[in-house]
Amino acid sequence: MRRRLVPIFLLTSLVVVLAAPAGAHVSPVRDLLPDGDTRPIIVSATLSPPQRHNALLEADITIEAYDNDAIDRYEYRWIGSESTEPAAVEPSATTVSYGSVMPATQYALQVRAIDTNGWDSDWFDVWEGSTPPPPNLVVAGDSVASGYSRQWFTGSATCRDGAYSYGETVAEGVADHLPDAWAPRYFNVAWPGAGVEDMLNGGLDSCSQSHPSQIGGVVSLANPETWNVVVITAGINSTNWTDVIAELVMNTTFSLTEDGDQGWCRVAVDDHWNLAQRTGHVTDAVRSVVETLHSQTNAAVHWTSYYPIGGTKLAPGWTPIGAECAPEMSVALDRLHGAILSGLGEDAAWIDVSDGAIETQPWAGWPHPDRTGHVSLGERIARAIAG
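Below you can see the structure in the form of C-alpha cells.
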C-alpha cells in the first residue's frame, strides 16, 4: 500500500497545479495561527532621503504589505550600538523619525506590520547606512536678515552680523525643539541693500562691498543628505522705499499737524513709491528664487513678511511716523506682501510677522531691529518653522 500512495499524491499535486490559471499569483507560505488567522507579510519597504515637505528629522518610508484582514499599523526600530524601542506609524502617514538616534552614525532600520487582530509580521530589513548630519538653516535676504546695525550718522555701519541677526535666535529656537545632537547648523548669506533680483545675481551692499549670488551660496550650503531650511526676508529693496521713507521723515519733521503728517504719508505711499510699477518684477523675482531653490536643493523655503515701522522711535521722544500714518503704512505693507505672496507658489511657506511691534535701533540704525527686535522676530519665525 505504501508504494501506491506515492503515485496518488503526485497525481493529486499535478491536478492542483493544472487547475491554477496561467499567471496566477502564488502567495508565499504563511503561518496558520491558533485562531485560524495568518500573519501579515511585508513584501518591500524603502526609506527616502529627507525632502522639503518633511518635518525636521522625519523621512518618508514606503511599505508594501498585505494581510488576509487588514494592516492596523507599522512599527519600526533602529538597530545600532544601542537599538531603539519600536515606534508606531500609521499606514496612511508612513514616516520615520531620526530623533531617537544620533546624526552621521551607522544604523540599520527595520519595520514590521501588525494586523487588526494584533498579529505581527517578521521584522523586515529596510535600510542600512549612516544617518544624515544635522539640518542646515540658511538665512538670506536684505539688511533685516543680515543683522545690519549703525549707531551714529557720521560713523560706519556693521553690514553683516549673523550673531546679531534674527537668524541666530531662529537657530536656537529650532534647536530647542530637537535633540541636542541634532541642533541645526546656522549660516547667513544676507547683505543690506539686496533686492530679490540681487539675491539671484549678486551686487553691492550698503557698505560698498561686492557679493555673489545669495542663491548660489544657498545651493552650495544645502546638503541633499539632510534637511535644509531657508529663511528669507527680501522685497523692499526691489522698490524705492528707502528713498520714500527718508523723504517722508523729513516732511513729517517739519509738519505742524497730524493732518499734515497723514497727508504726507498718503503722498509717499500713493504717489512717490514705485511699487505699482515694480509689482510684476518683484513677483517674478520671488518666483525665480523659489523655483531655483526647489529645482537645485531639497530646501524648505520660508519667506518672512516685514514688520510695521509706524510708531517706532528714531530718537528718544521722536516718532517720525506716528499713529496718524498707520492706515497708509498698513496699505503699504499689504501691497508689498501681496506682490511677494504672488510669487511664492504653494510649496514655499509665508511667515507673517506684521502683527506686532518690533523694537528698532535709534538714530542712524532706524528702522532696523535692535537686538531685542531681532530676538522677537527670531522667536516668531522659529515657532512657525518648528511648530
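Numbered by my numbering, the letters in the sequence shown go through residues 224 to 610 in order.
Just so you know, even glycine gets a beta-carbon here, dropped at the ideal spot from N, CA and C.
What are the boundary residues of the beta strand (DSSP E) that includes residue i?
i, result
"A310", "310-312"
"T527", "523-527"
"I574", "572-574"
If you check the beta carbons only, do residue i and residue j fall under 9 angstroms apart?
i, j, result
"G509", "S565", "Gly is not the amino acid found at residue 509; the sequence shown has Val there. Against a cut-off of 9 angstroms, the Cβ pair of S565 and V509 comes out as a contact."
"H517", "A571", "yes"
"V454", "V393", "yes"
"P543", "L537", "yes"
"N411", "T520", "no"
"G352", "A605", "no"
"P272", "Y321", "no"
"E281", "S267", "no"
"N463", "N497", "yes"
"H495", "E470", "yes"
"I459", "D384", "no"
"A380", "Y371", "yes"
"I265", "S344", "yes"
"G601", "G341", "no"
"T476", "G483", "no"
Using a Cβ-Cβ cut-off of 7 angstroms (strictly less than) and excluding sequence neighbours within five positions of residue i, which residues of its own chain qualify?
i, result
"S306", "R300"
"V252", "In this prediction, V252 scores a pLDDT of 49, lower than 50, which makes its location untrustworthy; no coordinate-derived value is stated."
"A398", "A406, P407"
"Q333", "Y299, R300, I302, W346, F347, D348, V349"
"D295", "I337, D338, T339"
"P590", "I532, T535, T583"
"H434", "W414, G425, G426, D428"
Spatial neighbours of residue i within its chain, please: C-beta separation below 6 angstroms, excluding the five flanking residues on both sides.
i, result
"R603", "V576"
"H211", "Since the first residue shown for the chain is 224 and the last is 610, residue 211 is missing from the structure and cannot be characterised."
"H560", "S528"
"P447", "N521"
"A562", "T502, V505, T506"
"T285", "T269"
"A445", "N451, T520, A522"
"Q329", "S353"
"D290", "P263, D338"
"V367", "T456"
"V212", "Only positions 224 to 610 of the chain appear in the structure, and residue 212 is not among them; the question remains open."
"V239", "At V239 the pLDDT is 34, less than 50, meaning the model places this residue with poor confidence; the figure from the coordinates comes in the next sentence. No residues qualify anywhere along the chain."
By DSSP's criteria, residue i is part of a beta bridge. Which residues make up the other side?
i, result
"L444", "Bridge partners of L444: none, in fact."
"S372", "T381"
"A288", "I265"
"S429", "For S429, which the question treats as bridged, DSSP gives no partner whatsoever."
"L332", "W301, W350"
"E281", "S320"
"Y409", "L360"
"N451", "N359"
"P592", "T583"
"L270", "I284"
"D338", "I294"
"D343", "I337"
"H495", "DSSP, once it has assigned bridges, lists no residue as partnering H495."
"H434", "G426"
"A538", "W541"
"T456", "G364"
Would you mind sorting residue i into buried or exposed? The rule is 16 or more other CB atoms within 10 Å of its CB.
i, result
"W375", "exposed"
"H597", "buried"
"A546", "exposed"
"M422", "buried"
"G456", "With the sequence shown as reference, residue 456 is identified as Thr, and Gly is not the correct amino acid for it. Label assigned to T456: buried."
"P539", "exposed"
"L360", "buried"
"R335", "buried"
"T480", "exposed"
"Q500", "exposed"
"W541", "exposed"
"T595", "exposed"
What I want to know is whether the C-beta of residue i ends up closer than 8 angstroms to one or more non-hydrogen atoms of the ligand COA.
i, result
"I286", "What this structure holds is no ligand at all, so the ligand COA is not there to describe."
Residue range of the alpha helix (DSSP H) that residue i falls in?
i, result
"G561", "549-567"
"L360", "Taken as a continuous stretch (DSSP letters only), L360 belongs to no alpha helix (DSSP H), being part of the beta strand (DSSP E) at 359-364."
"I581", "Per DSSP, I581 belongs to no alpha helix (DSSP H) and is neither H nor E."
"A393", "According to the sequence provided, residue 393 is Val. The question's Ala does not apply to it. Its alpha helix (DSSP H) spans residues 389-398."
"A469", "464-476"
"V178", "Residue 178 lies beyond the residue range present for the chain, which begins at 224 and ends at 610; the question has no answer from this structure."
"D507", "498-519"
"D260", "Run containing D260: none; DSSP gives neither H nor E here."
"G486", "481-490"
CB-CB under 8 angstroms to residue i, same chain, minus the five flanking residues each way: which ones, in chain order?
i, result
"M552", "C488, V492, P531, I532, G533, I544"
"L556", "S528, Y529, P531, S577"
"A310", "E298, Y299, R300, V319, S320, S323"
"T465", "I459"
"T317", "D283, I284, T285, I286, Y297"
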